[in-house]
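Notes to accompany the following structure.
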Amino acid sequence: MPEGDTIYRSARALQRSIGGQVVTGFETGLAKLARIDDDTPLKGRTIEKIESRGKWLLIHFSGDLILLTHMLMSGSWHLYRARERWRRPRSSMRVVIRTPEWEAVAFNVPVAEFHTAHSLARHPHIQKIGPDILSTEFAVDNGIERLVRYAREAPAVEVAVALLNQQVISGLGNVYKNEVAFAAGINPFRPMKTLSLCEMQLIVETANRFMKANVMDGKGGGIVTYPGGRQTRHTMRSEGRLWVYRRQGHECRRCGATILMRKQGIQARSTYWCPKCQPAMQENS
845 MPEGDTIYRS ARALQRSIGG QVVTGFETGL AKLARIDDDT PLKGRTIEKI ESRGKWLLIH
905 FSGDLILLTH MLMSGSWHLY RARERWRRPR SSMRVVIRTP EWEAVAFNVP VAEFHTAHSL
965 ARHPHIQKIG PDILSTEFAV DNGIERLVRY AREAPAVEVA VALLNQQVIS GLGNVYKNEV
1025 AFAAGINPFR PMKTLSLCEM QLIVETANRF MKANVMDGKG GGIVTYPGGR QTRHTMRSEG
1085 RLWVYRRQGH ECRRCGATIL MRKQGIQARS TYWCPKCQPA MQENS
């Protein structure tokens, strides 16, 4: 599943290419979008802004129309020069936005909706979304406050499950959930109520640092939303970029213990951890 960093890079690449441009053509394989385009055509509208909010991508058009998309597990936005051959089959196309020079194509996007500013403000997911860890307005103190509040509301929820909750802090996905918990030295199965304030601060600071490092200009600024090249370690070797994610059965890069994996939470997401670097329980600091 694309995480907040890939959605951020996609929004940035789209903004740089089609932001401010006039739509010359719109095509969709989704009936609910086609109906809106029939009633209030996209063609002739200006693309005012493209932004990411956590794992959501929003394209704002003139005339108070917003295209909201979520990639879930398989979706991606691609960007092509006019008349350039697509790298995915046409059967996978869900949305095409054309400008004089570019075609922005959404493939296999499972969630795509048109909204006005008013309807977007009432959207059940957007309304409840937590602070975006990649937003320029994100503050570590705010992130800590959200974790503290959630620990009071759901004390028995495990740390790694909480990190995936987009209503707490938005943008983190399964890769970062594992990497952040490892780097912070916190067992991912600990209940939220066992975390100290210092540990919460370390979690937020680490998550913010990892995510920002992976959206710097020059690091994967392409349009396709895939996790290739993502790293949490200071190495460019493809086999050494991450600490624990998908390293079940391998030696820990810090202590040499064997990395473990277990399914976790209602969604049964894979959680990887080092039993030595991330002991089952720790004394609160």
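Here the numbering used here is used: the first residue of the sequence shown is 845, the next is one more, and so on.
Where a beta carbon is used, it is the ideal one built from N, C-alpha and C, also for glycine.
{"Check": "May I have the straight-line CA-CA distance separating residue 1032 from residue 964, to the nearest angstrom?", "Outcome": "34 Å"}
{"Check": "Should residue 999 go down as buried or exposed, given a rule of 16 or more other Cβ atoms within 10 Å for buried?", "Outcome": "exposed"}
{"Check": "What beta strand (DSSP E) runs, 3 residues minimum, are completely inside the stretch 945–1008?", "Outcome": "946–951, 955–959"}
{"Check": "What residue does the alpha helix (DSSP H) around residue 1116 start on, and which one ends it?", "Outcome": "Where residue 1116 is concerned, there is no enclosing alpha helix (DSSP H), although the beta strand (DSSP E) it sits in stretches over 1113–1117."}
{"Check": "Quick one, which of 869, 956, 880, 970 has its alpha-carbon nearest residue 887's?", "Outcome": "869"}
{"Check": "State the DSSP-derived secondary structure class of residue 1110, mapped to helix, strand or coil.", "Outcome": "coil"}
{"Check": "Mark residue 1121 as exposed unless 16 or more other C-beta atoms lie within 10 angstroms of its C-beta, in which case mark it buried.", "Outcome": "buried"}
{"Check": "Could you say which of 945, 959, 962, 935 lies nearest to residue 951 if we only look at CA atoms?", "Outcome": "935"}
{"Check": "Should residue 1057 and residue 1036 be called a contact, given that it needs their Cβ atoms to be closer than 9 Å?", "Outcome": "no"}
{"Check": "Provide the residue(s) that pair with residue 893 in DSSP beta bridges, ordered along the chain.", "Outcome": "904"}
{"Check": "What's the gap between the Cα of residue 955 and the Cα of residue 849?", "Outcome": "19 Å"}
{"Check": "Taking 8 Å as the threshold, find out whether the stretch 979–989 comes into contact with the stretch 1042–1053 through three or more Cβ pairs.", "Outcome": "yes"}
{"Check": "Assess contact between the stretch 902–915 and the stretch 871–889, defined as three or more Cβ pairs (one per stretch) separated by less than 8 Å. Is contact present?", "Outcome": "yes"}
{"Check": "Could you check whether residue 865 and residue 943 sit closer than 9 Å to each other, using their CB atoms as the reference points?", "Outcome": "yes"}
{"Check": "Considering only C-alpha positions, which residue in the set 937, 1008, 852, 926 is nearest to residue 871?", "Outcome": "937"}
{"Check": "Using 10 angstroms around the beta-carbon of residue 1070, count the other beta-carbons present and answer buried if the total reaches 16, otherwise exposed.", "Outcome": "Confidence is the limiting factor: at residue 1070 the pLDDT is only 43, short of 50, which leaves the residue's position unreliable, though a coordinate-based value still follows. So residue 1070 counts as exposed."}
{"Check": "Go to residue 916, then tell me how far its beta strand (DSSP E) extends in each direction, as first and last residue.", "Outcome": "No beta strand (DSSP E) holds residue 916; DSSP gives it neither H nor E."}
{"Check": "Could you tell me which of 902, 917, 1027, 873 sits nearest to residue 1099, measuring between CA atoms?", "Outcome": "1027"}
{"Check": "Any chance the CB of residue 853 is under 8 Å from a heavy atom of the ligand GDP?", "Outcome": "Although the ligand GDP was asked about, the structure shown includes no ligands whatsoever."}
{"Check": "Helix, strand or coil, according to DSSP, for residue 861 in the structure here?", "Outcome": "helix"}
{"Check": "Taking only three categories from DSSP, how would you classify residue 867?", "Outcome": "coil"}
{"Check": "Under a Cβ-count criterion, where at least 16 other Cβ atoms within 10 Å of its own Cβ denotes burial, should residue 1042 be classed as buried or exposed?", "Outcome": "exposed"}
{"Check": "Three-state secondary structure (DSSP) at residue 924?", "Outcome": "strand"}
{"Check": "With C-beta atoms as the reference, is residue 932 less than 9 Å away from residue 953?", "Outcome": "no"}
{"Check": "Between residue 1015 and residue 978, which are expected to be in contact by the criterion C-beta below 8 Å, what is the C-beta distance as a whole number of angstroms?", "Outcome": "6 Å"}
{"Check": "Residues bridged to residue 1102 by DSSP?", "Outcome": "1095"}
{"Check": "If I measure Cβ to Cβ from residue 892 and keep anything under 7 Å in the same chain, skipping five residues before and after, which residues do I get?", "Outcome": "904, 905, 906"}
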